[in-house]
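A short write-up of the structure that comes next.
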Amino acid sequence: MRLISILILTLVFVFSTNQASASPVDTYEFQDEVTKIRFQALSKELRCPKCQNQNLADSNSPIAADLRRELYELLQQGKADIEIVNFMVDRYGEFVLYRPRVSQLTYVLWFGPAVLILFGIIIVIVIVRRKPVPKEALVLTKAQQDKLNSLIKDK
Amino acid sequence: MGKLIRFLPLILVIALGVVLYRGLSLNPQDMPSALVGKTMPAFELQTLNNSDKMVTQADLLGDIVLINVWATWCPTCKYEHPYLVDVAKDDQVKLYGLNYKDERVAAQQWLQQYEDPYVFSIFDDEGTLGLNLGVYGAPETFVIDHHGIIRKRFAGAIDTRVWRREFEPLIAQLIEEKKQGK
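Protein chains in written order, with our numbering: chain Z, 1 to 155; chain X, 156 to 337.
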């Protein structure tokens, strides 16, 4: 019984927090479905400069609302995605891109994981292929054998 | 070789520790502006005190200029205001305001109440110039040289310590450049 009530409480909690963090709703109208999809995709790819861990689509901050409006207007003007991205980068820096472009600054970001995996694979290969110790080396020498015999005899 | 490999994990952990420790003291809000080194974006906007008077980027040219982004809805702007009044007394720089996404009457009242340090304030109620400058909050302060090139963007409040550390060296350098006729 108690378990059930806890479960219900948890569900209510999860549900209510979900509602509290609902994304902002803008009432933009698009002339076609493609533009709408592009708007949604771009507002997910672009980061809100003020609240650094949210994208434009998620953020409630005034600057994010401004940038969504700007994004909408640029789309209405018929600008290409790349032009819009450049527009934002020119003003707010590489930072606004959730998928940063490949440049000297971001080499580590882009290629770091691949290099680490390669490093790991090399280590595994080295360990696996290491030659086992030859059997002869495991045989006791005469002196060792004598010592062993004497120890057993003592018992 | 064998012994060295034994110490490798320790060395890696120490290196990771150093990297993470450095991260503790970095400020994630401190981002380089995309506009440093570029010319001041073009604009044509009213001044705060006179809706008939239009100003453009040309009105800022020729001096070492500070543009302070402010608004009455911004509590930190109130904090930095007395320091700006001090800065305005320095006649080697000209301080202009950019009243960002604000209401005219409230902003005018603010300047009457707390003293107006600005040569004039640009009235940017829609935030268009703010957007072109990459402003994402207030207060922010831009340093523009006598050629109209943006040399620095500072996000946050100015006080004596910030002024000494962030602005004084740059302004001294700009004054020197201007003297040499660069």
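Note that CB positions come from ideal geometry on N, CA and C, so glycine has one too. These numbers were taken from a predicted model, which means no experiment stands behind them.
Residue i burial status per 10 Å Cβ neighbour count (16 or more: buried)
i, result
"R316 (chain X)", "exposed"
"R319 (chain X)", "exposed"
"G178 (chain X)", "exposed"
"M195 (chain X)", "buried"
"D279 (chain X)", "buried"
"E331 (chain X)", "exposed"
"N86 (chain Z)", "exposed"
"H236 (chain X)", "buried"
"T211 (chain X)", "exposed"
"K307 (chain X)", "buried"
"R68 (chain Z)", "buried"
"S21 (chain Z)", "Caution is warranted here: a pLDDT of 46 is assigned to S21 (chain Z), below 50, making its placement in the model unreliable, and the coordinate value is therefore given only provisionally. So S21 (chain Z) ends up on the exposed side."
"T113 (chain X)", "Because chain X here runs from 156 to 337, residue 113 (chain X) falls outside it and cannot be looked at."
"F162 (chain X)", "exposed"
"V260 (chain X)", "exposed"
"A226 (chain X)", "buried"
"L56 (chain Z)", "buried"
"P272 (chain X)", "buried"
"A262 (chain X)", "buried"
"T27 (chain Z)", "exposed"
"A189 (chain X)", "buried"
"F129 (chain X)", "Limits of chain X in this structure are 156 at one end and 337 at the other, which puts residue 129 (chain X) out of reach."
"I326 (chain X)", "buried"
Per-residue DSSP class, three states only, for residue i
i, result
"Q144 (chain Z)", "helix"
"D245 (chain X)", "coil"
"F204 (chain X)", "The amino acid occupying residue 204 (chain X) in the given sequence is Asn; Phe does not appear at that position. Three-state result, N204 (chain X): coil."
"G120 (chain Z)", "helix"
"L163 (chain X)", "helix"
"G112 (chain Z)", "helix"
"D214 (chain X)", "helix"
"T27 (chain Z)", "coil"
"D279 (chain X)", "strand"
"N53 (chain Z)", "coil"
"V224 (chain X)", "strand"
"F198 (chain X)", "coil"
"A137 (chain Z)", "helix"
"M259 (chain X)", "For the record, residue 259 (chain X) in the displayed sequence is Arg; it is not Met. Helix."
"N182 (chain X)", "coil"
"V317 (chain X)", "helix"
"V102 (chain Z)", "coil"
Alpha carbon of residue i to alpha carbon of residue j, nearest angstrom
i, j, result
"P164 (chain X)", "Y72 (chain Z)", "51 angstroms"
"K244 (chain X)", "K208 (chain X)", "25 angstroms"
"T202 (chain X)", "W110 (chain Z)", "46 angstroms"
"K256 (chain X)", "W228 (chain X)", "9 angstroms"
"Q77 (chain Z)", "Y92 (chain Z)", "21 angstroms"
"K36 (chain Z)", "F322 (chain X)", "45 angstroms"
"L140 (chain Z)", "L148 (chain Z)", "10 angstroms"
"T252 (chain X)", "F275 (chain X)", "Going by the sequence as given, residue 252 (chain X) is Gly instead of Thr. Those two C-alpha atoms are separated by around 6 angstroms."
"P132 (chain Z)", "I125 (chain Z)", "14 angstroms"
"E45 (chain Z)", "K333 (chain X)", "42 angstroms"
"N204 (chain X)", "R99 (chain Z)", "43 angstroms"
"N182 (chain X)", "R129 (chain Z)", "47 angstroms"
"K142 (chain Z)", "K135 (chain Z)", "16 angstroms"
"D66 (chain Z)", "Q52 (chain Z)", "16 angstroms"
"Q145 (chain Z)", "D154 (chain Z)", "14 angstroms"
"Q40 (chain Z)", "H302 (chain X)", "40 angstroms"
"I122 (chain Z)", "L138 (chain Z)", "29 angstroms"
"K61 (chain Z)", "G336 (chain X)", "The sequence given here places Ser at residue 61 (chain Z); Lys does not occur at that position. In a straight line, the C-alpha of S61 (chain Z) is about 44 angstroms away from that of G336 (chain X)."
"G289 (chain X)", "I63 (chain Z)", "10 angstroms"
"Y230 (chain X)", "Q268 (chain X)", "In the sequence on display, residue 230 (chain X) carries Pro and not Tyr. If I take the Cα positions, the gap works out to 15 angstroms."
"A170 (chain X)", "R101 (chain Z)", "27 angstroms"
"Q264 (chain X)", "A114 (chain Z)", "59 angstroms"
"L167 (chain X)", "S180 (chain X)", "21 angstroms"
"L75 (chain Z)", "I127 (chain Z)", "56 angstroms"
"L116 (chain Z)", "P324 (chain X)", "42 angstroms"
"G172 (chain X)", "G112 (chain Z)", "18 angstroms"
"F30 (chain Z)", "K79 (chain Z)", "14 angstroms"
Residue i vs residue j beta-carbon contact at 8 angstroms
i, j, result
"F95 (chain Z)", "R47 (chain Z)", "yes"
"Y238 (chain X)", "I313 (chain X)", "yes"
"L42 (chain Z)", "I82 (chain Z)", "no"
"K50 (chain Z)", "Y234 (chain X)", "no"
"E270 (chain X)", "V240 (chain X)", "yes"
"V89 (chain Z)", "L97 (chain Z)", "yes"
"P294 (chain X)", "G282 (chain X)", "no"
"V191 (chain X)", "L221 (chain X)", "no"
"K249 (chain X)", "D218 (chain X)", "yes"
"I277 (chain X)", "L284 (chain X)", "yes"
"I299 (chain X)", "L215 (chain X)", "yes"
"E70 (chain Z)", "L286 (chain X)", "yes"
Residue i: CB within 7 angstroms of a non-hydrogen atom of the ligand GDP
i, result
"D90 (chain Z)", "Absence of the ligand GDP from the depicted structure is noted, as is the absence of any ligand whatsoever, leaving it without description."
Could you run through the stretch 271-294 of chain X and flag, in chain order, every residue whose CB is less than 7 angstroms away from some CB of chain C?
Of the protein chains in the structure, Z and X, none is chain C.
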